[in-house]
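What follows is a set of notes on a single structure, which appears directly below.
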Amino acid sequence: ENAGTVPSPDQMSCMPCPAGSEPDSEGAKCQACPPGRYAPEAATPQCQACPQGEYNPLRNQSRCAVCPFGAHCYGGFNGTGATSFYADEGFYLLGSDEDVTREFEAKMSTCADCWRSDAPFDALGPFECSVRSACLGNNSCLVVEGELAMDGPLCGSCTKGFQRSSPDEPCSRCPPDWLTVTVIVVVTVGGMLGLCILSWSQEAAMGNLRGVYSIVFKILCNFFVQLKAVGQVTDLNSLIKDLGTDSFSRTILTSPIAMSLGIGDVLENPSTSIFSLECLMMTGGNSVSESHYLKVLGALFFLPAMLLLMLVSVAVCTWIWSSCCHRRQRWGETSLSFRILLTFSSLAVLALYFLQPMVTSQLLAAYNCRDMDDGGHRLDTARWALDMSVDCNSPVHQKWQLVTSIGLLIWSFGIPLILYIIPWAILKWTSYTLQSKEMWTVFGFLYDGFEPDFWYYESFMMLRKTYILIAANIMWLSPETRTVVLLTLVIYFRYMHLRDLPYDNRAYMGVDRLQFQSLATFTWLLLGRLFRTMLELTDNALAKDWSPAFYLPAMLNFFFLVGRAIYLILREVIWPLQSPPTLMPKCVRDRLDHRVTFSFIPPAVFDVDAKQQHFHRVEHGSLSADNMADLAEDWNLTSTPALPNQEREILKTILTETAEVLLRRHEIVHGEAAQVIYLPTFLLQMERVLVAAMCYAVKSRIINEELVLNRDTWGKWLYGIWEDTRDYLKLVVIGQEGTDANNIMRQRSSRSWEDQECDHLREAQHLVRRPVSTEEIQIALYSLWPDLTDPKMNQKDSETNHLKELVQAHRGIVDMHGDVTHIFDSDGHATSILRRRNRTVRCDESSMSSMYSHRSHSPRTTESKTLEFGLPTVVQEEEESRRSECEHSDVVLEIDGTDNKVQQVRPSAPAVFKLAL
1070 ENAGTVPSPD QMSCMPCPAG SEPDSEGAKC QACPPGRYAP EAATPQCQAC PQGEYNPLRN
1130 QSRCAVCPFG AHCYGGFNGT GATSFYADEG FYLLGSDEDV TREFEAKMST CADCWRSDAP
1190 FDALGPFECS VRSACLGNNS CLVVEGELAM DGPLCGSCTK GFQRSSPDEP CSRCPPDWLT
1250 VTVIVVVTVG GMLGLCILSW SQEAAMGNLR GVYSIVFKIL CNFFVQLKAV GQVTDLNSLI
1310 KDLGTDSFSR TILTSPIAMS LGIGDVLENP STSIFSLECL MMTGGNSVSE SHYLKVLGAL
1370 FFLPAMLLLM LVSVAVCTWI WSSCCHRRQR WGETSLSFRI LLTFSSLAVL ALYFLQPMVT
1430 SQLLAAYNCR DMDDGGHRLD TARWALDMSV DCNSPVHQKW QLVTSIGLLI WSFGIPLILY
1490 IIPWAILKWT SYTLQSKEMW TVFGFLYDGF EPDFWYYESF MMLRKTYILI AANIMWLSPE
1550 TRTVVLLTLV IYFRYMHLRD LPYDNRAYMG VDRLQFQSLA TFTWLLLGRL FRTMLELTDN
1610 ALAKDWSPAF YLPAMLNFFF LVGRAIYLIL REVIWPLQSP PTLMPKCVRD RLDHRVTFSF
1670 IPPAVFDVDA KQQHFHRVEH GSLSADNMAD LAEDWNLTST PALPNQEREI LKTILTETAE
1730 VLLRRHEIVH GEAAQVIYLP TFLLQMERVL VAAMCYAVKS RIINEELVLN RDTWGKWLYG
1790 IWEDTRDYLK LVVIGQEGTD ANNIMRQRSS RSWEDQECDH LREAQHLVRR PVSTEEIQIA
1850 LYSLWPDLTD PKMNQKDSET NHLKELVQAH RGIVDMHGDV THIFDSDGHA TSILRRRNRT
1910 VRCDESSMSS MYSHRSHSPR TTESKTLEFG LPTVVQEEEE SRRSECEHSD VVLEIDGTDN
1970 KVQQVRPSAP AVFKLAL
């Protein structure tokens, strides 16, 4: 019963040992429990060992603390207790046993409830490693083939001879130096050759207003780069890995997304995804951190060095070409210096476009500092993700961050600004236009596919990539905060896209829809991340079991995006421009093909009075006639109660673009904007433009049909494909003679199109008879745009009517089944204007008088109360004829022949009848 006691000082009684202590071996005095053991209460006979899962690093303790999460405590067996804790697999401890003792004493002295808390220690851990497979437990790191591959805090640094492509991946052995150098040379030469081919292909495709290959290519490149950045914040890589290990079907579904992330990694950071510069630098004697700093420094001077190398290469190649080859179709007869400048500028624009996100990503790597582990616990200091042994708050690293800030301003924001200012200055201060061959050769890749008013939009797209890359790499913000920032940016970009709709409306606005689909994918991806985070904060089990379901809308949008891109690329095969679709089954074609078409052919004369009477009853709401339905048979069109929305939109687009052409022509001719538009003239000019567009569409149809007829067998077809490929490669590599554009609607022909009796027109009557689809008119209108809005071809003092010349050159087409050349009769139009100007509106005498009275108060007619005609001489000469006309018009005028003033106005009998109706 005296267990756990010692004699009192007066030796008259027993005194219990306090909690946290035990009697010594002689029972003479109390002694403190050693570390790893504890006495829960007073008079404890012997200190007990801390149970398994608990530890105690201090003496004289009455309880043990719970082992932190991510750590294990050795104790609870064989009479021993744990005095410290050690990191589990996937975790790392930033300190030794002495650091654990010191932090434990400081924490437990101020927090009574921390004994039963499993939270890690601040600045000590254990912390969750960013690469969990690299932390093997007990602060041991990854070993590859018997060599230590990773070390340092949180096993976040590669040792010499090892490299990795991203901070979230384990290190792997460096390839041999000769292989790295070979890959760098191949990638550099291949990249320059690829830029040359892309530049030449863009030049060869000038005027191909139906092709969308380069536009889809740009949108997908931007999408892949931004998907890689957004995927870092939303932890998309780990999600795909988890889904890929569950089943084969999920692997098939996630493989396109993984491939897209890989493409984005190549476009964003090829220096780590394809080859490793760090390995070469470490071979040269640099440390791991020094190699990363040198890589950032190289990004600052990479673009100037690349442009200088490109300039030298272009100059040498152009000089050799000019000296050895006498064919100068690509540059014409221009000087050697101009050829070098033009070729270098074209390649430089493409290089700046593709290298800008690469340089931006590399410069942002200096800001990739982490002050929290993957579990959300704060580290001892902000550490560089590329090398966790580097303190981001150190003066050395902060100097590097200042240098990279300057690089971001110069390259990341300066390149889009330069690619906007230079074309703007050329367009403003020179005679070049967007359709000029030189402008297209240099900057065509950037503004191809955009509306003329939004030619600069690709610069905004580049800035958008920069904003997303920066927002995804603001590492001093938590992942949740960065997700909200990215979601705000994406929603704003969606609003701007819907407001502007910058792409032209080719492919039934398919390009605008593709761009919007990419933004929708980012929106759903970020929303899925937010929903998942909200459930994780509430400790809901659904967050772990159903986390892939939150990303299901984003996955569906991604597959819709890929499907739409593939469809746009194959659309020319599925939906031929100038003939009915033949690859689709008839049932599908009847359901989908409801195109609206236009025809030169007027309605046939009615032979039956009943049909004629029916036409008169509905003509006020008709755009066609019943007897014109047979023209739709050439397109195999089926009737439908209402046109599809896409057909309505493209028809609106045609009218809008035509009105834009007319407004610009007026501004070119008169030097000022139109204020009061005369409606008959406006409608007449619109009819002229549409007729010219239809002429070009029909001519292109005839030329292409002749090409098809010459390939009516499989042998001829295969040989024709070979000829097309050979001609295209020749066009890409050598160029084309003259300055004519390779345009599907502007194809040159030595044959005459003015006489309908020409053999080639008589043989193609069925093609002329076939109505012209809206897409044909739209593309032809885009093709005519450069000529119709060219200031050189539309001078104010020009004696020729450019539109009239265009249609006159194709008069045989329009005169074959109908005559529309009367709308180009300038004398007839002037006579019509004169006749209309010398008449008044239909009204009675009282209303006319009230109008005069009202006009008498106008500042322009304060003294006159009578209506005067603008051409008094002409009125005097035609007074009798006008009086004769007035007898049959709605208004009868009595005019004083001396001063040309209206003496009396009265409505005629037909006018009274019409007013009654």
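Residue numbers (this note's numbering): 1070 to 1986.
By construction, the Cβ of each residue, glycine as well, lies at the ideal position given by its N, Cα and C atoms.
*Which whole-angstrom value is the C-beta distance of Met1457 and Pro1222, which I expect to be below 8 angstroms?*
Right, the Cβ-Cβ distance comes to about 5 angstroms (below 8 angstroms), so this counts as a contact.
How is the alpha helix (DSSP H) around Ala1175 delimited, first residue to last?
Here the alpha helix (DSSP H) through Ala1175 covers 1166-1177.
| Whose C-beta lies closer than 6 angstroms to the C-beta of Thr1931 among residues of the same chain, with five residues either side of it excluded? | With a pLDDT of only 37 at Thr1931, under the threshold of 50, the placement of this residue in the model should not be trusted, and no figure is reported.
Leaving aside the five residues before and after Ala1417 along the sequence, list all residues of the same chain whose C-beta is less than 7 angstroms from its C-beta, in chain order. Counting only Cβ-Cβ distances below 7 angstroms, and skipping sequence neighbours, we find Leu1376, Met1379.
Cys1083: which of Ala1111, Arg1106, Cys1102, Gly1105 sits nearest, CA to CA? Taking only the C-alpha atoms, the option nearest Cys1083 is Ala1111.
message: Alpha carbons only, please: which of Tyr1362, Val1365, Thr1412, Gly1367 is nearest the one belonging to Val1381?
response: The shortest C-alpha separation from Val1381 is found at Thr1412.
- Taking C-beta to C-beta, are Cys1198 and Cys1224 nearer than 7 angstroms? Going by C-beta atoms, Cys1198 is nearer than 7 angstroms to Cys1224.
According to the neighbour-count rule (16 or more other Cβ atoms, all chains shown, within 10 Å of its Cβ), is Ser1950 buried or exposed? At Ser1950 the pLDDT is 47, less than 50, meaning the model places this residue with poor confidence and gives no usable figure here.
Quiz item: Cα separation between Val1736 and Gln1504?
Solution: First, the residue type needs correcting, since residue 1736 is Glu and not Val in the sequence shown. Those two C-alpha atoms are separated by around 18 angstroms.
Review point. Quick one: what's got a C-beta closer than 7 angstroms to Cys1461's C-beta in the same chain, skipping five residues either side?
Key: So the qualifying residues of the chain are Cys1438, Ala1451, Arg1452, Trp1453.
Point to revise | Best match in Arg1734, Leu1872, Leu1555 for proximity to Leu1296 [C-alpha to C-alpha] | key: Here the closest residue by C-alpha is Leu1555.
Are the Cβ atoms of Leu1637 and Gly1597 separated by less than 7 angstroms? Gly1597 is positioned such that its CB atom lies no closer than 7 angstroms to that of Leu1637.
Problem - Per-residue burial, Gly1518 [other beta carbons within 10 Å of its own, 16 or more giving buried] - result: Gly1518 counts as buried, since no fewer than 16 other beta carbons sit within 10 angstroms of its beta carbon.
| query | Looking only at its own chain, which residues have a Cβ that is under 7 angstroms from the Cβ of Met1081, when we skip the five neighbours before and after it? | reply | The same chain holds no residue with a CB closer than 7 angstroms to that of Met1081 once the five nearest residues on each side in sequence are set aside.
From which residue to which residue does the beta strand (DSSP E) around Asp1859 run?
-> Where Asp1859 is concerned, there is no enclosing beta strand (DSSP E), given that its DSSP letter is neither H nor E.
Review point. Hey, how far is the Cα of Pro1245 from the Cα of Leu1211?
Key: Distance between the alpha carbons of Pro1245 and Leu1211: 21 angstroms.
*Beta bridge counterpart(s) of Gly1206 as assigned by DSSP*: For Gly1206, DSSP records a beta bridge to Ser1209.
Q: Out of Arg1233, Pro1649, Ser1342, state which residue places its alpha-carbon closest to the alpha-carbon of Gly1331.
A: Among Arg1233, Pro1649, Ser1342, the Cα nearest to that of Gly1331 belongs to Ser1342.
Just list the residues that DSSP pairs His1879 with in beta bridges. DSSP links His1879 through a beta bridge to no other residue.
- Query: Could you give the distance in angstroms between the alpha-carbon of Ala1634 and the alpha-carbon of Cys1656?
  - Reply: If you take the alpha carbons of Ala1634 and Cys1656, they lie about 25 angstroms apart.
- [ ] Answer with buried or exposed for Lys1534, where buried requires no fewer than 16 other C-beta atoms within 10 angstroms of its C-beta.
- [x] Buried, because 16 or more other Cβ atoms sit within 10 Å of the Cβ of Lys1534.
Requested in this report: Go to Asp1828, then tell me how far its alpha helix (DSSP H) extends in each direction, as first and last residue.
Outcome: From DSSP, the alpha helix (DSSP H) with Asp1828 extends over 1828-1831.
When we look at the beta-carbon of Ile1643 and count the other beta-carbons within 10 Å, is it buried (16 or more) or exposed? Residue burial is scored here from C-beta neighbours: Ile1643 has fewer than 16 other C-beta atoms within 10 angstroms and is therefore classed as exposed.
In the region 1498-1578, which residue ranges form an unbroken alpha helix (DSSP H) of at least 4 residues, counting only runs that do not cross its ends?
As far as the region 1498-1578 is concerned, its whole alpha helix (DSSP H) runs of at least 4 residues are 1506-1516, 1526-1541, 1548-1569.
### Message
Measuring only the C-alpha atoms, how far is Ala1541 from Phe1482?
### Response
For Ala1541 and Phe1482, the gap between their C-alpha atoms comes out near 17 angstroms.
Handout entry: Range covered by the beta strand (DSSP E) that runs through Gln1988
Key = Examination of residue 1988 is not possible in this model, given that the chain is present from 1070 through 1986 alone.
- Message: Among the candidates Ala1623, Arg1582, Ala1218, whose CA atom is the shortest distance from the CA of Phe1231?
- Response: Considering only alpha carbons, the answer is Ala1218.
- prompt: Are the C-beta atoms of Thr1592 and some chain B residue less than 7 angstroms apart?
  reply: Any reference to chain B falls outside this structure, which holds one protein chain only.
- Query: What's the C-alpha gap between Arg2022 and Met1531?
  - Reply: Shown here, the chain extends from 1070 to 1986; a query on residue 2022 therefore has no answer.
Enumerate in chain order the residues of its own chain whose CB-to-CB distance from Asn1773 is below 7 angstroms, with the five nearest sequence positions on each side excluded. Excluding positions up to five away in sequence, the list reads Gln1647.
Q | Proximity of Arg1408 and Thr1387 at Cβ, strictly below 7 angstroms | A | Yes; because the gap between Cβ atoms is below 7 angstroms, this pair is in contact.
* Asked: Between Gly1159, Arg1185, Phe1154, Cys1183, which lies nearest to Thr1170 when the distance is taken from Cα to Cα?
  -> Cα-wise, what sits closest to Thr1170 is Phe1154.
TODO: Tell me where the beta strand (DSSP E) around Thr1607 begins and ends.
DONE: Careful: Thr1607 lies outside any beta strand (DSSP E) and carries neither H nor E.
*Bridge partners of Ala1156, per DSSP?*
According to DSSP, Ala1156 bridges with Ala1140.
| Own chain partners of Leu1836 with C-beta closer than 6 angstroms, once the 5 adjacent residues on each side are dropped | Same-chain partners within the cutoff: Arg1770, Ile1771, Glu1774.
| Roughly how many angstroms separate the alpha carbons of Ser1077 and Glu1167, rounded to a whole number? | In this structure, the straight-line span from the alpha carbon of Ser1077 to that of Glu1167 is close to 36 angstroms.
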